Structure formats: structure tokens, C-alpha cells
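Q: Encoded as C-alpha cells, here's the structure I'll be asking about.
Here it is, written out as C-alpha cells:
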């Protein structure tokens, strides 16, 4: 048991409050991992935070921006990177307080595909994903990253569902 | 973090060698849990081993038995209980060697239903299930307890697939 156990945690921003706030489900998944797995045994674990940014979801994620030249888009991407970095900062700071080693990085693409690709590249011992606990009707529209990862990631996956008392009125919000 | 983390591990017998031998996938799931989660932190975890026995799968699980009276069936059930206990003994002994607390018990019924029912009753922090890693064609015939638990158990579930080099020639064997 010389080597540390490497736990990859997929994190994303709050869909209600946006960057740099973590979604309720990523925050829950992180806190569960610390409380139930890492506990005081901080030297035995390493957390690997992966944040996947979806490129240009609708092309207008910020109403006060005007895109008039390729440079504007570059700036936008640059700004997104910064906002993503602030999201990761939240988790890295928490780990620093607790005293557990961590790494964090950003990738771009379809979250479910990118997470599985990063698992293949980085070989974590297991993957933790938060889940909004949507009903079957809502799943049709928003898809579920967690279900895809459980099926396709090349490592064990543990899905942490949001607690019922943390679910917003519209459970698609997170 | 005063309370220990309670990990339920569903275990079954080897389909090739029978009782008291654990299946490759339950042995793998147990060893993974010790190596990657418990590690040396034995005082922080408690393992709860659940073995579900399927009653009278085909009515003839032992060719040298003749059932001629209700008492014969009682004796068979008694013998099954003993064989199940020997399976659990394997895991309890291992925990004892390692120094991690555990409990183990047997229930009867459809494994996937009983596991989810026991999760509801016992409230483990999470559930570990082994999986034979069957292809879609094989799944149709043997069903997968792990997929059912991932969907229906009222706690986080982590599925540990068998390593490729431990898969028997016919992957349905375990």
C-alpha cells in the first residue's frame, strides 16, 4: 500500500450561480469523498479534479460581450479559462486546508466523453461523479454524465446523488 | 469524522467451485476495497458482508441428495446455511487478519432485491459490488445484480469489474 489512492473527481460550475461557484452536486461529491473515504487519512489519497468546459454551448453565454473579430473569441476563451480556474481554485483551496494532495485541470469538449478519455489517460483508482438525481422525464432532456461514466469509464465509478434537501425547486438547476 | 465509514460488500460463492469458495468477482471487490479505500486506516472503516442465497434455484443443486419428506428440505436449508456461513467465514477471517471491524450475514431471496432491501434497512455509507464484466449478449441471460443496485440502491454504489486476466474462458463462470 505504498502508493497513494488516486481519486478523480469531476466538477462543474453551478448552473444557477455560474462561475466560480461549484454545482451543488460537485460540492456534494467532493465533501462526501473527504468525509467517507479520505477521513483523517490524508497522506493516503490524492484528489484529481477535472473540470470540462463545454465550448460555446449556445454562443451567447454572456450578454454584455460583443464578438466582432477572432480576437474577441480568443479573449472569451481566455476569460472562460480564468473562470474555470477559479472554480478549481475552490476545490484546491479546500484540499489545502484539509491537507490532502491534489491536482486540478481543465479540458474542453463533451463532459462525458472527456471524462472517460481522461480516465484512460490518467488511470485514477476510481472516479467520483456527482449527480442531480433527475427523474426519467428530465433525463431525456439533460442527459446524465454519471450514467455514461458508470457504463464507459475504464475504472470503478461512484455516483453521489444530491441530498433531497439540497435539490432546488427545479431539479435541473444545480 | 467520529463515526466509522460503513461499507456494505455483497458477496457470493464461486459458480465453478461452489461453496465455500468466494466468486472471483466478490473476492476482487473485497480486495479492491481493502487496498484502495481502507488501506492502513483500519479503525475508520467497518465492512458489512451480505450474502444472499437464492432459494431452490433449480431444486437440484446437489445430485446426491434425495428429497422424500419436508424434513429433507429442512435439512437442505440447514446445510445451505452452513455452507453460506463458511463463505462468510472466508471474508471475516481476512478482516480479522487485517484488523478491520466487520459483520456478516445471510439473507434469502433474489440477490438484487435483497441487497437493495438490506441497504434500506442497514444504511451503509456505500455499497461495493463485484461484476463479472459480461458483454451485452451474456447479460440478457444472466442479468446483472450490479446494474440493478447502481440504479435502485438508496446509497452510493461502486462496481468493481473483474480484471481481464482473472476472467475464466467462459465469462459466465465465476
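Chains as they are written, first to last, in the working numbering: chain A, 1 to 174; chain W, 1 to 174.
Every residue, glycine too, gets a C-beta built ideally from N, C-alpha and C.
What you are looking at is a predicted structure, and each value in this text was computed from that prediction instead of being measured.
#1: Does chain A have any CB closer than 7 angstroms to the CB of residue 8 of chain W?
#2: Within the same chain, show all residues whose beta-carbon is closer than 6 angstroms to that of residue 146 of chain W, passing over the 5 residues directly before and after it, in chain order.
#3: Report the residue ranges of all beta strand (DSSP E) runs contained in full by the segment 8 to 49 of chain A; include only those spanning at least 3 residues, in chain order.
#4: Which chain A residues are close to residue 46 of chain W, counting only those with a beta carbon under 9 angstroms from its beta carbon?
#5: Mind checking the segment 29 to 45 of chain W against chain A and listing, in chain order, the residues whose C-beta falls within less than 8 angstroms of any C-beta there?
#6: So what does DSSP say about residue 83 of chain A, is it helix, strand or coil?
#7: Would you grab the beta carbon distance between residue 11 of chain A and residue 91 of chain A for me? Rounded to a whole angstrom, and I think it's under 8 angstroms.
#8: Could you tell me the distance, in whole angstroms, from the CA atom of residue 70 of chain A to the CA atom of residue 78 of chain A?
#9: Using a Cβ cut-off of 7 angstroms (strictly closer), state whether residue 156 of chain A contacts chain W.
#10: Step through the CB atoms of chain W and report whether any lies within less than 7 angstroms of the CB of residue 160 of chain A.
#11: Taking Cβ positions, are residue 162 of chain A and residue 28 of chain A nearer each other than 7 angstroms?
#12: Roughly how many angstroms lie between the CA atoms of residue 43 of chain A and residue 36 of chain W, to the nearest whole one?
#13: What in chain A is Cβ-close to residue 126 of chain W, meaning under 8 angstroms?
#14: For residue 87 of chain A, which option in A:5, A:166, A:15 and A:3 has the closest C-alpha, if you only look at C-alpha atoms?
#15: Which residues, in order along the segment 86 to 98 of chain A, keep a beta-carbon less than 9 angstroms from a beta-carbon of chain W?
#16: Would residue 47 of chain A and residue 7 of chain A qualify as a contact pair, given that the criterion is a beta-carbon distance under 7 angstroms?
#17: Alpha carbon to alpha carbon, how far is residue 115 of chain W from residue 153 of chain W?
A: The relevant details are as follows:
#1: What you label residue 8 of chain W is simply residue 8 of the second chain in a count that begins at 1. Output row for residue 8 of chain W: interface = no.
#2: Counting from one through the second chain, the residue named residue 146 of chain W turns up at place 146. Excluding positions up to five away in sequence, the list reads 129, 131 and 159.
#3: 18 to 22
#4: Counting from one through the second chain, the residue named residue 46 of chain W turns up at place 46. Those do not exist, as residue 46 of chain W stays about 12 angstroms from chain A at its closest Cβ, beyond 9 angstroms.
#5: 32, 35, 36, 37, 39, 40, 41 and 44
#6: On the first chain, position 83 is the one that residue 83 of chain A refers to. Of the three classes helix, strand and coil, the one that applies to residue 83 of chain A here is helix, per DSSP.
#7: On the first chain, position 11 is the one that residue 11 of chain A refers to. On the first chain, position 91 is the one that residue 91 of chain A refers to. Residue 11 of chain A to residue 91 of chain A, Cβ: 6 angstroms. Contact.
#8: In the first chain, the residue the question calls residue 70 of chain A occupies position 70. In the first chain, the residue the question calls residue 78 of chain A occupies position 78. One C-alpha to the other measures close to 12 angstroms.
#9: Within the first chain, the letter at position 156 stands for residue 156 of chain A. Output row for residue 156 of chain A: interface = yes.
#10: Counting from one through the first chain, the residue named residue 160 of chain A turns up at place 160. Yes, contact with chain W.
#11: As a working note, residue 162 of chain A is residue 162 in the first chain. As a working note, residue 28 of chain A is residue 28 in the first chain. A contact, by the Cβ cut-off of 7 angstroms.
#12: If you number the first chain from 1, residue 43 of chain A lands on position 43. If you number the second chain from 1, residue 36 of chain W lands on position 36. So the alpha carbons of these two residues sit roughly 13 angstroms apart.
#13: Numbered from its first residue, the second chain carries residue 126 of chain W at position 126. Simply 36 and 158.
#14: Locating residue 87 of chain A in the first chain gives position 87, counting from the first residue. Residue A:15 is the option with its Cα nearest to residue 87 of chain A.
#15: none
#16: For the purposes of this step, residue 47 of chain A is identified with residue 47 of the first chain, where counting begins at 1. For the purposes of this step, residue 7 of chain A is identified with residue 7 of the first chain, where counting begins at 1. Going by C-beta atoms, residue 47 of chain A is nearer than 7 angstroms to residue 7 of chain A.
#17: By 1-based counting over the second chain, the position of residue 115 of chain W is 115. By 1-based counting over the second chain, the position of residue 153 of chain W is 153. Taking the straight line from one Cα to the other gives about 8 angstroms.
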